[in-house]
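Below you'll find the structure, written out as structure tokens, and then a few comments.
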């Protein structure tokens with residue numbers, strides 16, 4: 001692609017948190033022109049009216065999908081709710097590439113999708129060609145894809161930590177326990193009682209116990225590298241902060257493996273990955289160390305229980321867990337440097 005060529009992008013779901021972060025990042029991308037912002041419920045409004053922090057951007061007003069001239073769009077970033085994205089994506093011209101931040105193309109088995117998302121998939125003809133967008137593990141496939149299904153925020157943090165360990169045979173495929181915690185933005189921008197300030201503030205609460213929709217996604221990817229079915233115990237928690245996600249995975253070591261072997265395997269796996277950092281021994285990953293950035297920090301610790309280890313991973317759920325990873329995948333799809341427009345360092349304090 002010529003360096004002076006602008007890629008015309010549309011953002012579906014531009015009034016949501018992931019849409020806003022995608023716009024924030026893409027606005028400083030040297031190869032992207034934001035040509036359409038789609039938000040049905042806010043159609044006709046300027047973006048600054050919905051997100052005042054983006055008032056400095058020169059972007060189009062929000063419109064409905066029917067108002068967009070798709071002949072002038074090259075790529076669509078989709079931040080629509082789960083269960084609605086596939087219906088909109090199948091309407092798009094075949095020439096338009098899609099980076100989907102919903103769950104609608106993540107699960108390879110359509111029966112599993114229907115079971116966990118409460119309805120049949122309306123675009124099975126597109127489903128087969130969609131590529132799972134965990135950037136560090138599917139780079140080659142992403143680069144050739146028309147539709148990339150970005151992973152959920154929890155699977156991103158968990159899989160970056162565990163996939164190299166499972167693939168190398170250093171951990172058992174059994175008895176994996178994942179304790180996950182996320183900021184309130186992970187619940188979206190829709191009004192819900194449990195995320196009101198008085199409900200979510202000054203407390204910590206689990207949710208989706210034994211039934212969270214990200215479980216089959218985690219099991220799908222771990223099972224693919226283990227070459228056998230994998231079941232995990234996964235419990236997410238709502239933390240009274242806006243951004244951030246921390247996943248603590250308790251694993252059983254395989255054979256004579258030790259925590260040091262796990263740390264080395266992760267370091268080797270991500271030696272050329274610009275956004276994954278395996279922290280030094282004794283350093284504890286924390287959400288405040290990755291806030292606002294596309295980085296993932298991973299730490300490995302020996303458990304006091306013999307034969308077990310603890311793997312901790314931290315990301316910003318809206319960046320590496322969603323919009324940042326989407327832009328990282330976009331860069332691969334267009335043959336651009338993977339880090340373009342994602343170089344910002346974490347915001348601290």
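Residue numbers (UniProt numbering): 1 to 349. Glycine residues also receive a C-beta, built at the ideal position from the N, C-alpha and C atoms. Computed from a predicted model, the values in this text were never measured in an experiment.
| request: Buried or exposed for residue 304, please, with buried defined as at least 16 other CB atoms from any protein chain shown within 10 angstroms of its CB. | output: exposed
| request: Could you tell me if residue 166 is buried or exposed, where buried requires 16 or more neighbouring beta carbons within 10 angstroms of its beta carbon? | output: buried
| query | Opposite residue 76 in the DSSP bridges: which residues? | reply | 10 and 98
| Per the contact definition of three or more C-beta pairs closer than 8 Å, is the segment 340-347 in contact with the segment 191-202? | no
| message | Quick check: the segment 310-320 against the segment 276-293, are at least 3 beta-carbon pairs closer than 8 Å? | response | yes
| field | Continuous beta strand (DSSP E) stretch holding residue 180: start and end | value | 176-183
| request: Check residue 68 in the structure and name its three-state DSSP category. | output: coil
| query | Do the CB positions of residue 98 and residue 78 come within less than 8 Å of each other? | reply | yes
| message | Beta-carbon within less than 7 Å of residue 1's beta-carbon, same chain only, minus the 5 sequence neighbours each way: which residues are those? | response | Low confidence applies here, because residue 1 scores a pLDDT of 48, under 50, leaving its location unreliable; read the following figure in that light. Once the five neighbours on either side are set aside, the close Cβ partners of residue 1 are 334 and 335.
| residue 333 - DSSP class collapsed to helix/strand/coil | helix
| field | Euclidean distance between Cα positions of residue 85 and residue 258 | value | 43 Å
| query | With respect to the beta strand (DSSP E) encompassing residue 264, which residues constitute its N-terminal and C-terminal limits? | reply | Note, residue 264: premise wrong, no beta strand (DSSP E); alpha helix (DSSP H) at 259-269.
| query | Excluding sequence positions up to five away, which residues of its chain have a Cβ less than 6 Å from the Cβ of residue 3? | reply | Confidence in residue 3 is poor, its pLDDT being 49 and thus under 50, which makes the residue's placement too unreliable to answer from.
| task | Grab me the residues of residue 15's own chain with a C-beta within less than 6 Å of its C-beta, minus the 5 sequence neighbours each way, in chain order. | result | 39, 42 and 50
| N-terminal and C-terminal residue of the alpha helix (DSSP H) that residue 139 is part of | 139-144
| message | Quick check on residue 209: does DSSP put it in helix, strand or coil? | response | coil
| field | Beta bridge counterpart(s) of residue 299 as assigned by DSSP | value | 312
| What's the gap between the Cα of residue 92 and the Cα of residue 66? | 11 Å
| field | Residues that DSSP places opposite residue 132 in a beta bridge | value | 149
| So what does residue 248 bridge to, in DSSP terms? | 179 and 312
| said: Between the alpha carbons of residue 57 and residue 168, how many angstroms are there, rounded? | reply: 46 Å
| query | Can you tell me whether residue 256 is buried or exposed, with buried defined as 16 or more other CB within 10 angstroms of its CB? | reply | exposed
| task | Tell me, please, whether the segment 25-33 touches the segment 324-332 by the rule of three or more beta-carbon pairs shorter than 8 Å. | result | yes
| message | Just to confirm my understanding: we take residue 246, look at its own chain, exclude 5 residues before and 5 after, and list those with CB closer than 6 Å. What are they? | response | 181, 287 and 314
| So who's on the other strand from residue 237, going by DSSP bridges? | 181 and 206
| field | Given residue 174 as reference, the closest of 17, 331 and 307 once Cα atoms are compared | value | 307
| task | Evaluate residue 300 with the Cβ neighbour count: other Cβ atoms within 10 Å of its Cβ, from every protein chain shown; 16 or more gives buried, anything less gives exposed. | result | buried
| Secondary structure of residue 24, DSSP reduced to three states | helix
| message | Applying the 10 Å Cβ sphere with the 16-neighbour rule, what's the burial state of residue 101? | response | buried
| Which residues DSSP lists as bridging residue 89, in chain order | Residue 89 is not bridged to any residue.
| Per-residue DSSP class, three states only, for residue 3 | With a pLDDT of 49 at residue 3, under the threshold of 50, the predicted position of this residue should be treated as unreliable, though the coordinate-derived value follows. In the structure shown, residue 3 sits in coil (DSSP, three-state: anything other than H, G, I, E or B).
| query | Whose C-alpha, out of 162, 87, 119 and 134, is nearest the C-alpha of residue 125? | reply | 87
| query | Whose C-alpha, out of 332, 216 and 337, is nearest the C-alpha of residue 75? | reply | 332
| request: From the DSSP output, read off the bridge partner residues of residue 38. | output: 12 and 63
| Taking residue 337 as the reference, which of 284, 296 and 275 has the closest Cα? | 275
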